[in-house]
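In the working numbering, the protein residues as written are 71 to 153. Shown next, in structure tokens, is the structure this report addresses.
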């Protein structure tokens, strides 16, 4: 038995806006597979730290229950918000 294909649910832009503004869940009208976050695309960078810095990062990351990479991202983002 094959699964029946379902037709995408469509509504007008005005109806979508009204439902969104009324606080309704409009997720069924969105195609999440093609969603993008402009300005949020990851870009890889490499940074060399002295061993004592890595040790300190690892201790703080462990204390907070996050990865070293997550801690670095959090700290840099917090600093950039203050600029």
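Cβ atoms here follow ideal geometry from the backbone N, Cα and C, with glycine treated the same way.
Over what stretch of residues does the alpha helix (DSSP H) that includes residue i continue unbroken?
i: residue 145; result: 138-151
i: residue 123; result: 121-134
Do residue i and residue j have their C-beta atoms within less than 9 Å of each other?
i: residue 98; j: residue 79; result: yes
i: residue 96; j: residue 89; result: yes
i: residue 128; j: residue 114; result: no
i: residue 141; j: residue 130; result: yes
i: residue 146; j: residue 136; result: no
Report buried or exposed for residue i, applying the criterion of at least 16 other Cβ atoms within 10 angstroms of its Cβ.
i: residue 87; result: exposed
Every unbroken alpha helix (DSSP H) inside the segment 73-108 [4 residues or more]: 83-91
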